[in-house]
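Visitor: Respectively, the protein sequence lines represent chains A and B.
The first sequence runs contiguously to residue 275 in the numbering used here.
The second sequence runs contiguously to residue 550 in the numbering used here.
Backbone N, C-alpha and C define an ideal beta-carbon position, used for all residues, glycine too.
2 protein chains.
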Amino acid sequence: MSYDALVEKIKEKKSFLCVGLDSDITKIPEFLYHYEFPVFEFNRRIIDATVKFSVAYKPNLAFYESLGNKGWIELEKTVDYIRKNYPDVFIIADAKRGDIGNTSQLYAKAFFEQMDFDAVTVAPYMGEDSVSPFLSYENKWVILLALTSNKGADDFQYTKENEEYLFEKVLRISQKWAAKEKMMYVVGATRAEMLTKIREIVPDNFLLVPGVGAQGGSLAEVAKFGLNSNCGLLVNNSRAIIFADKTENFDSVAAQNAKEMQQEMELLLAQYGIL
Amino acid sequence: MSYDALVEKIKEKKSFLCVGLDSDITKIPEFLYHYEFPVFEFNRRIIDATVKFSVAYKPNLAFYESLGNKGWIELEKTVDYIRKNYPDVFIIADAKRGDIGNTSQLYAKAFFEQMDFDAVTVAPYMGEDSVSPFLSYENKWVILLALTSNKGADDFQYTKENEEYLFEKVLRISQKWAAKEKMMYVVGATRAEMLTKIREIVPDNFLLVPGVGAQGGSLAEVAKFGLNSNCGLLVNNSRAIIFADKTENFDSVAAQNAKEMQQEMELLLAQYGIL
Chain A
1 MSYDALVEKI KEKKSFLCVG LDSDITKIPE FLYHYEFPVF EFNRRIIDAT VKFSVAYKPN
61 LAFYESLGNK GWIELEKTVD YIRKNYPDVF IIADAKRGDI GNTSQLYAKA FFEQMDFDAV
121 TVAPYMGEDS VSPFLSYENK WVILLALTSN KGADDFQYTK ENEEYLFEKV LRISQKWAAK
181 EKMMYVVGAT RAEMLTKIRE IVPDNFLLVP GVGAQGGSLA EVAKFGLNSN CGLLVNNSRA
241 IIFADKTENF DSVAAQNAKE MQQEMELLLA QYGIL
Chain B
276 MSYDALVEKI KEKKSFLCVG LDSDITKIPE FLYHYEFPVF EFNRRIIDAT VKFSVAYKPN
336 LAFYESLGNK GWIELEKTVD YIRKNYPDVF IIADAKRGDI GNTSQLYAKA FFEQMDFDAV
396 TVAPYMGEDS VSPFLSYENK WVILLALTSN KGADDFQYTK ENEEYLFEKV LRISQKWAAK
456 EKMMYVVGAT RAEMLTKIRE IVPDNFLLVP GVGAQGGSLA EVAKFGLNSN CGLLVNNSRA
516 IIFADKTENF DSVAAQNAKE MQQEMELLLA QYGIL
């Protein structure tokens, strides 16, 4: 999906919500276990119920890989289903990959050719040649880890060289690798106080923001410091939407929770003059 | 596999060779395409031919994921084959994973329960809680990226804080997370000049060293600066062994090349008093 199409879709749906498909098989409603592909069944119903309120979906690879090759099929079926039924939805492989060039090239092939994801999350530690193979596809994106939402972010991401933190260096250096049309950054909502500084370095890029809700981040804060004139945010929510209910009505409850987030986002988009 | 068992196996085989199963389907001999699982057939023959000379195998996940769910089956079959036929071989998932705690937990499940790998490579950027879930399994290992062999290593790994490079900080901080029995480090052979400094920080840990051969690193240099009293090295070679020949004799040629590396390693182990 192109940058312009993503911005247009955000304005159309009045939402910058990304639904995280962290579809843990031990947490989905039990009645789905009767299906051959229960995780896909779960995802399909979540997607159908929430797609009016959400511009993006983000399967987290670990939840699929932990099921072996069958999990990989559940993932492939999920991506195919979105692509066929909702072609203008942005699909993110939350895979945190990154390796030497010829290896990253094959990861890119896995996520952009074998499956039709729009974007993949990439870890920056191995530098430019571990990231650039993902950038050679038209209208496909890298979402580079910058400042993550977990406690361990403090261990290395705040390493300070010449008054610059490592996550700031990652943002600054990677700006040379790609334009805003191909590069987003992960910035945890639990680090909203850093968003002003981050926006000075990457004013135009989209930020993918996990950690609102379950991890304690505030949507209003993220919007206040993170929005730019094209929105520039995708805020991810997973557990509070997909696991809010465990009955046969789980999808209606998910839709209701997604709708509430969308409505809060609509107010914020209006408040900051984006709609 | 335990630390002691690994050291014993190195002494028994007089080898610290790890064969990288970067089994690119476009590079394996064509006659294997007739098999239902050509990559597994390739791996099986490479393993049978080289296991006398090699203590470890390291499938690189990208090469399997790029084939979709079938690639995942090729991988599972490969790991099962090694485990059943050569139970005392060390198997490394070169996956470069790492995510927030509950997600890393599921990656650990994928590689240590769903498949029976001994170790998984992990990227350090997200810090302790992204690594620790892999450390909760007995006799299973984390191999943490420290200083990689690629050009992009210069982008962030040499970030300098208080006279300490980021890769040195990764080594130092992560020493608190696990003992040498569960933690190895990736150090590229192309960075052999840094091994003396690295050995000051992590004298006892195993180092997994890629980049000998195709990427230009020297085995003698790596041994000189990297060996410790328990060997402490696993040197990976992939292309120069597995893709040395494309005829029906590819496995014999692979065996010959592995044997030559083993013989060089035997000399080095003797020279440095480890055998």
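Spell out whether any CB of chain B is found under 8 Å from the CB atom of A/PHE53.
Guide: For the purposes of this step, residue 53 of chain A is identified with residue 53 of the first sequence, where counting begins at 1. Chain B, which has no Cβ nearer than 8 Å to the Cβ of A/PHE53, makes this no.
Visitor: Taking 8 Å as the threshold (C-beta atoms), are A/GLU161 and B/GLU436 in contact?
Guide: Within the second sequence, numbered from 1, the residue matching residue 436 of chain B stands at position 161. Within the first sequence, numbered from 1, the residue matching residue 161 of chain A stands at position 161. For B/GLU436 and A/GLU161, yes; Cβs fall inside 8 Å.
Visitor: Using the beta-carbon count (16 or more within 10 Å), is A/THR121 buried or exposed?
Guide: Here residue 121 of chain A is taken as the residue at index 121 of the first sequence, counted from 1. When all chains shown are included, A/THR121 counts as buried.
Visitor: Assign B/GLU349 to one of two classes, buried (16 or more other C-beta atoms within 10 Å of its C-beta) or exposed (fewer than that).
Guide: Position 74 of the second sequence, counted from the start, is the residue given in the question as residue 349 of chain B. B/GLU349 comes out buried.
Visitor: Anyone know if the C-beta pair for B/VAL462 and B/ALA515 falls short of 8 Å?
Guide: Position 187 of the second sequence holds residue 462 of chain B. Position 240 of the second sequence holds residue 515 of chain B. Cβ distance not < 8 Å, so B/VAL462 and B/ALA515 don't count as in contact.
Visitor: Going by CA-CA distance only, name the one from B/LYS333, B/ASP355 and B/GLN432 that's closest to A/GLY68.
Guide: Translated into the one-based positions of the first sequence, residue 68 of chain A becomes position 68. Among B/LYS333, B/ASP355 and B/GLN432, the Cα nearest to that of A/GLY68 is on B/ASP355.
Visitor: Using C-beta distances below 8 Å, list every residue in its chain close to A/PHE53, excluding the 5 sequence neighbours before and after it, in chain order.
Guide: Numbered from 1 along the first sequence, position 53 holds the residue referred to as residue 53 of chain A. Cβ neighbours of A/PHE53 beyond the five flanking positions: LYS13, SER15, LEU17, ALA255, ALA258, LYS259, MET261 and GLN262.
Visitor: Nearest by alpha-carbon distance to A/GLY213: which of A/MET194, A/THR190, A/LEU227 and A/SER229 is it?
Guide: On the first sequence, residue 213 of chain A is found 213 positions in, with the first residue counted as 1. Nearest C-alpha to A/GLY213: A/THR190.
Visitor: Among the residues of its own chain, which have a CB less than 6 Å from the CB of B/ARG320, if the five just before and after it don't count?
Guide: Translated into the one-based positions of the second sequence, residue 320 of chain B becomes position 45. So the qualifying residues of the chain are ASP526.
Visitor: Restricting to Cα atoms, I'd like to know which of B/ASP374, B/VAL484 and B/ASN318 is closest to B/GLU351.
Guide: Within the second sequence, the letter at position 76 stands for residue 351 of chain B. Among B/ASP374, B/VAL484 and B/ASN318, the Cα nearest to that of B/GLU351 is on B/ASN318.
Visitor: Nearest-angstrom Cα distance between A/ASP48 and A/GLU113?
Guide: One-based indexing of the first sequence puts residue 48 of chain A at position 48. One-based indexing of the first sequence puts residue 113 of chain A at position 113. Each residue's alpha carbon lies about 24 Å from the other.
Visitor: Between B/ILE394 and A/SER66, how many whole angstroms is the CB-CB distance? I'm expecting something under 8 Å.
Guide: For the purposes of this step, residue 394 of chain B is identified with residue 119 of the second sequence, where counting begins at 1. For the purposes of this step, residue 66 of chain A is identified with residue 66 of the first sequence, where counting begins at 1. According to the sequence provided, residue 394 of chain B is Ala. The question's Ile does not apply to it. So it is not a contact: roughly 17 Å between Cβ atoms.
Visitor: May I ask you to verify whether the stretch 425–443 of chain B touches the stretch 160–177 of chain A, counting CB pairs closer than 8 Å and requiring at least 3?
Guide: Contact between the stretch 425–443 of chain B and the stretch 160–177 of chain A is present, because at least three Cβ pairs lie under 8 Å.
Visitor: Determine whether the Cβ of B/GLU316 lies closer than 8 Å to any Cβ atom of chain A.
Guide: As a first step, residue 316 of chain B is located in the second sequence; it is residue number 41 there, counting from the start. By this cut-off, B/GLU316 is not an interface position.
Visitor: So what does DSSP say about A/PHE90, is it helix, strand or coil?
Guide: Along the first sequence, read from residue 1 onward, the residue named residue 90 of chain A stands at position 90. A/PHE90 falls in the strand class under three-state DSSP.
Visitor: What in chain A is Cβ-close to B/ARG372, meaning under 8 Å?
Guide: Within the second sequence, numbered from 1, the residue matching residue 372 of chain B stands at position 97. By Cβ distance, chain A contributes ALA62 and LYS96.
Visitor: My output table needs one value for B/ILE418: the three-state DSSP class, helix, strand or coil.
Guide: In the second sequence, residue 418 of chain B corresponds to position 143, counting from 1. Reduced to three states, the DSSP call for B/ILE418 is strand.
Visitor: Under the DSSP definition of a beta bridge, which residues are partnered with B/ARG319?
Guide: Locating residue 319 of chain B in the second sequence gives position 44, counting from the first residue. None, per the DSSP bridge assignment.
Visitor: Output yes or no for whether 8 Å exceeds the beta carbon distance between A/TYR272 and B/ALA398.
Guide: By 1-based counting over the first sequence, the position of residue 272 of chain A is 272. By 1-based counting over the second sequence, the position of residue 398 of chain B is 123. Contact flag unset, no.
Visitor: How many whole angstroms separate the CB atoms of A/LYS58 and A/ASN236, which I take to be in contact at a CB cut-off of 8 Å?
Guide: Here residue 58 of chain A corresponds to residue number 58 of the first sequence, with the count starting at 1. Here residue 236 of chain A corresponds to residue number 236 of the first sequence, with the count starting at 1. About 6 Å; that satisfies the 8 Å criterion.
Visitor: Helix, strand or coil for B/TYR339 per DSSP?
Guide: Counting from 1 along the second sequence, the entry for residue 339 of chain B is found at position 64. If DSSP states are grouped into helix, strand and coil, B/TYR339 belongs with the helices.
Visitor: Using the three-state DSSP reduction, which class does A/GLY20 fall into: helix, strand or coil?
Guide: Stepping through the first sequence from its first residue, residue 20 of chain A is reached at position 20. Correct three-state label for A/GLY20: strand.
Visitor: Under a Cβ-count criterion, where at least 16 other Cβ atoms within 10 Å of its own Cβ denotes burial, should B/GLU305 be classed as buried or exposed?
Guide: The sequence position of residue 305 of chain B within the second sequence is 30, counting from 1. Exposed, since its Cβ has fewer than 16 Cβ neighbours within 10 Å.
Visitor: Report the CB separation of B/LEU441 from B/ALA331 in whole angstroms; it is logged as a contact under 8 Å.
Guide: What you label residue 441 of chain B is simply residue 166 of the second sequence in a count that begins at 1. What you label residue 331 of chain B is simply residue 56 of the second sequence in a count that begins at 1. Actually they do not touch by this definition, with Cβ atoms about 27 Å apart.
Visitor: Straight-line CA distance for B/TYR412 to B/MET458?
Guide: Along the second sequence, one-based indexing puts residue 412 of chain B at 137. Along the second sequence, one-based indexing puts residue 458 of chain B at 183. Cα to Cα, B/TYR412 sits roughly 12 Å from B/MET458.
Visitor: With hydrogens ignored, establish whether the beta-carbon of B/LYS289 is closer than 7 Å to any heavy atom of the ligand NAP.
Guide: Ligands are entirely absent from the displayed structure, and the ligand NAP is therefore not among its contents.
Visitor: For chain B, check one thing: does any of its Cβ atoms lie closer than 8 Å to the Cβ of A/PRO133?
Guide: Numbered from its first residue, the first sequence carries residue 133 of chain A at position 133. No - not a single Cβ of chain B is within 8 Å of the one on A/PRO133.
Visitor: Taking the alpha helix (DSSP H) that A/ALA178 belongs to, which residues open and close that run?
Guide: If you number the first sequence from 1, residue 178 of chain A lands on position 178. Per DSSP, A/ALA178 belongs to no alpha helix (DSSP H) and is neither H nor E.
Visitor: What span of residues does the beta strand (DSSP E) with A/LEU208 cover, start to end?
Guide: Locating residue 208 of chain A in the first sequence gives position 208, counting from the first residue. First-last of the beta strand (DSSP E) with A/LEU208: 206–209.
Visitor: Please classify A/LYS96 as buried or exposed, where buried requires at least 16 neighbouring CB atoms within 10 angstroms.
Guide: Residue numbering aside, residue 96 of chain A sits at position 96 when the first sequence is read from its first letter. Result: buried.
Visitor: Could one say the Cβ of B/LEU381 lies closer than 8 Å to chain A's Cβ atoms, at least one of them?
Guide: If you number the second sequence from 1, residue 381 of chain B lands on position 106. So yes, B/LEU381 belongs to the interface.
Visitor: With 8 Å as the threshold, decide whether the Cβ of A/LYS160 is near any Cβ in chain B.
Guide: Within the first sequence, the letter at position 160 stands for residue 160 of chain A. Yes - at least one Cβ of chain B is within 8 Å of the one on A/LYS160.
Visitor: Could you give the residue range of the beta strand (DSSP E) that holds A/ASN237?
Guide: On the first sequence, residue 237 of chain A is found 237 positions in, with the first residue counted as 1. Run containing A/ASN237: 233–237, per the beta strand (DSSP E) assignment.
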